[in-house]
Every structure is written in C-alpha cells, then in structure tokens.
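In our numbering, the protein residues as written are 6 to 537.
Here a beta-carbon is modelled for each residue, glycine too, at the ideal position from N, C-alpha and C.
Working notes, structure below.
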C-alpha cells in the first residue's frame, strides 16, 4: 500500500528524510534512507530522486570514496546530450550504443554545488582508475589526457549553466577560470532572473595553505540575501581585498553570525555544533604574519552596517597584534550580540570592557588555548552577565586555570542557565551549582572525584528535574552498571526528565568505539576514546 501514497504525501516524507548539509565542512550528508526509497517502486523513485540529488556533492565532503565520487560524475555526465560530447576536442573513437539521455535530468535537481579539486586536478581526472569509472561509456583507454580534461571542463560548464535554483555554493579548492564559471552561475535564467537570486549559503575556503588564495567577491556583487558566508584561509592582507570583502558584507541584508579566525587551526578542529542553519556566518582567516589591525578594523567597521541583525560573534585563534583599541572601539557598535565565543585566542582580557557592555548576551563560550583569560576578569564577567544568559561553556584542555572561585559565583548569579559545560570540577562544587541552576537542560563536566556509591547517590538526588542530557567527560576508570544504578535509582526517586547519560572514557589502548543501553528509561551512551 505504501507504494500508492499520494505524491504530496511522499514529498513530505522524503523532505523529512532529507538531511540538510551541515555548516561544518567536514560532515557528509547521509543518503542511506533516501537511496532505499528509490528502490521501492517507479513511483517512489520518481518522487524521491529529486531529493536524493538536491545536494549530491555534500555526500563527499570528507573521508569519502573516490570510486563513489566519480560514479556521481558519470551519472551527471549522462545528462549532457551526446552531440555536445562529440563536439569536444578529442582523439578517441565514439562507441556509445545510443544518444539517449539518462533517466532523469539530475543536474536540474541540484540545490547545493561544490567545486572540488577532484574535478579540477588533471592528475586526478586523468588517473586511469578514476577515468575508467566516470568515462566508462566512452572507451576510456582510448581517450587522451587532453580530451579527458576537455570533457570534464565541458561538464563543469554544463552544470554551471543549468543549475538555476542553487541555495548552497561551495568553492573548496582553487580553480582555473573562476570568473568564467561564476559568470555562468550568475547569468540570468530563462525568465531573466539572476540564477543565484535564491543563494543562501556561500562557502569559500582553501585547504591548501601553499596555494595562492584569491577573492572573487566582485563577481558575486548581486548576491545579497545570504544566510551563510564562509571564508576560511582567505588571506585578507591587502587594502584591495579588505575593501572587496567590506563591500560584500555591507551589501548583505540580514547578517546574523560572524566568525573571525586568525589561522592556527585546522579544519578538523572546527566545532561540529556551530549553530542553527538559519544563522549567517562569516569565517575569516587573517593569518597572523599577514594580518594587520587595519584590516581587522576595516572588516569590523563593515559589520556595523549589520548591527541590527548581527547576533552571534566568534573569535578563533586571534593573535594579540591583530586587536588594538581602534578595533575594540569598532566592536562597540555591535549592540545586539546574543552569543559570544572565543576559541584559543590570545589576550582575551583585552575584550573585557566590551563584553561587560553586552546587555543582550544569552550565551558565552570560551575555549582556553596556551594563553588564558584572567580568572578575576572571568569572575567579574560572570557577576555582570545579564539575567537572560542561558548558556555558559568553559573548556580548558590544558587544565591551566583554577576555577574554584568562578564555580562559587555561578550559583549566585546565573540562575537562568539551561546549557552548562565546565572544566574539571569537584562534586561538591557541582552539587552547589545544580541546586541553584534549576532550569538546566544540558550538562557537560569533567569530574575531579571518583564516581563511587555515595557520590553517585548524591548526584542522582541533585539532578534538576528539567535536565535532559548529562555528559561526564574524561572518565579515567570504567563505571560498573552496579555503581551506575545508585545514580539511576536516586534519580528515579527524584522524578526528573533525564533521557541521555553520556560517559566518555579515556582509554589506555588504541581503538575508539561506543555502546548504548537503556536503564530506567534513560539511554546510556558509553564512549571509549583512545588517548594514545
């Protein structure tokens, strides 16, 4: 009976199965559920295929199979009329059985396009094992390298020309003839409208630090409705580039989220939970050797044009010399910041007075690096945070700071917290916080105490009834289920709404794995992470 569902019903089902691409650029989109739907019947295949091919390249963002990637290229190549392929410069014998196109015009379904190095690097395009896959219909052994490159270039241009409804565009590697491709993308469609009129997310990042980076924002000057702009490893080290970037930012109509990165971080270090997809984000890399306060200040000044909408601001790996008084004065124009994050920055104390002036702040997050914020300043910030602050995250991987006095301030001043992550803390300090912060939904901590019977009972009795998820990190020794039951039974008497308990163990051997079981209606997730 399921195969006879109305098309409208199936579209709603498939829409809920469609995983929207994450803003975290190393997360692949899963296709398992949608792919299974295409096999149910012809009717299901017809309705589900457009969803399956909406973001086809986002299945191959990280740690993917080259074989599967070039199978996708082969499928898209089948959308090009054969006479166009014949017109490409070539020295091979055509041996295709028919001139018929593929079952669907898959290219017309594409909503997210990624320009990956695997379609630009000749050594990858012409590698025989790859060529044998994506040119399987064209006797690949007979095709010269020049002809192979010509066919791929034609496919790229064909995709750019016929993708009329892009919402996501991603440049993940340096390209030749960037402007020519962008012109194809930005040309008007059959109705006379700019093809990138619906573009909401633009990613531009260069994973190869040795290559020359360029900004082609002037070619995208008609794009002004972005929901996300990602610029990583872009060397903003000239007045011209700064001016181009500032103009582009100023042209946006609803900038909400900015991340300013000064290098020193790898893509794999980026936070996987960057925020809701509706926010606007700018990832900017000002390499410490090239960046100057002038460039930062010029950039931040351009953000003032978005002061009404800008709500989330993040600083990542900023060096001291990139921030001066003029830059900080420019920050004062940003009055509507709701979320503020620092990731391994130097001299965070320089931001102290500005942070104190943020009266609408709802979330504050800081990840300590080799340098740290003054404990006194952090305590005073905690005391001055507005009453609506509901999210506090403090991560100290180096365990350089003593947070004892800070932990004493949290139960006195931060009663509205719903999300709390803390570094190493003694159970007595945590219990005091739990008794005062009665609206917590998420808690993540590193406990300094061994989780023994008495401690677990006290913890179970103190868990707020609102708490839905707890994560204990860096646990040194395995907690038996017998011991864990002391916590669970005390919690059950307390009558809360806890759904997930995460136990993150430090292994003394190689191998990462996890296991899940359920007790007292709580899903217990145990992680075993290698520390070797």
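For this session: Would you give the residue range spanned by the alpha helix (DSSP H) that residue 47 belongs to?
Result: 47 to 57
Problem set entry | Buried or exposed (CB count within 10 angstroms, at least 16 for buried), residue 374 | buried
Exercise. Which runs of the alpha helix (DSSP H) spanning at least 4 residues fall entirely within the segment 118 to 156, listed in chain order?
Worked result: 127 to 130 and 133 to 139
Exercise. By how many angstroms is the C-alpha of residue 331 removed from the C-alpha of residue 164?
Worked result: 45 angstroms
Exercise. Per DSSP, what kind of secondary structure is residue 452 in: helix, strand or coil?
Worked result: strand
Exercise. Going by Cα to Cα distance, which pick from 243, 372, 378 and 344 is closest to residue 354?
Worked result: The shortest Cα separation from residue 354 among 243, 372, 378 and 344 belongs to 378.
Exercise. In angstroms, rounded to a whole number, what distance separates the CA positions of residue 459 and residue 475?
Worked result: If you take the alpha carbons of residue 459 and residue 475, they lie about 18 angstroms apart.
For this session: Report yes if the C-beta of residue 186 is less than 7 angstroms from at least one heavy atom of the ligand SAH; otherwise report no.
Result: The ligand SAH is not part of this structure, which contains no ligands at all.
Exercise. If you follow the alpha helix (DSSP H) that residue 76 is part of, which residue opens it and which one closes it?
Worked result: 71 to 82
Exercise. What first and last residue would you give for the alpha helix (DSSP H) that runs through residue 424?
Worked result: Taken as a continuous stretch (DSSP letters only), residue 424 belongs to no alpha helix (DSSP H), being part of the beta strand (DSSP E) at 424 to 430.
Exercise. In three-state DSSP terms, what is residue 169?
Worked result: coil
Problem set entry | Exposure label - residue 486; buried when at least 16 CB within 10 Å | exposed
Problem set entry | Simplified DSSP state of residue 390, which is helix, strand or coil | coil
Exercise. Is DSSP giving residue 419 helix, strand or coil here?
Worked result: coil
For this session: Along the alpha helix (DSSP H) that carries residue 3, what are the first and last residues, could you check?
Result: There is simply no residue 3 to check, as the chain begins at 6 and stops at 537 in what is shown.
Exercise. Apart from the five residues just before and just after residue 362, which ones in its own chain have a Cβ nearer than 8 angstroms to its Cβ?
Worked result: 337
Exercise. The beta strand (DSSP E) with residue 348 in it runs from where to where?
Worked result: 344 to 348
Exercise. If you follow the beta strand (DSSP E) that residue 480 is part of, which residue opens it and which one closes it?
Worked result: 474 to 480
Problem set entry | Touch test, the segment 160 to 175 against the segment 197 to 212, Cβ-Cβ under 8 angstroms, three pairs minimum | yes
For this session: Compare the C-alpha of residue 504 against each of 343, 429 and 448 and name the closest.
Result: 448
Problem set entry | Which of helix, strand or coil DSSP assigns to residue 32 | When DSSP states are grouped into helix, strand and coil, residue 32 belongs to the coil group.
For this session: Note down the Cα distance separating residue 262 from residue 27, rounded to an integer number of angstroms.
Result: 15 angstroms
Problem set entry | Sequence-distant residues of its chain with Cβ nearer than 6 angstroms to residue 510 (five each side left out) | 480 and 533
Exercise. Mind checking residue 420: buried by the 16 CB within 10 Å criterion, or exposed?
Worked result: exposed
For this session: Using three-state DSSP, classify residue 491 as helix, strand or coil.
Result: helix
Exercise. Which word fits residue 146, buried or exposed, when buried means at least 16 other C-beta atoms lie within 10 angstroms of its C-beta?
Worked result: exposed
Problem set entry | Span of the beta strand (DSSP E), counted from its first residue to its last, around residue 65 | Where residue 65 is concerned, there is no enclosing beta strand (DSSP E), because DSSP gives it neither an H nor an E.
Problem set entry | Nearest-angstrom Cβ-Cβ length linking residue 64 and residue 45, presumed shorter than 8 angstroms | Rounded, the Cβ-Cβ distance is 20 angstroms, inconsistent with contact.
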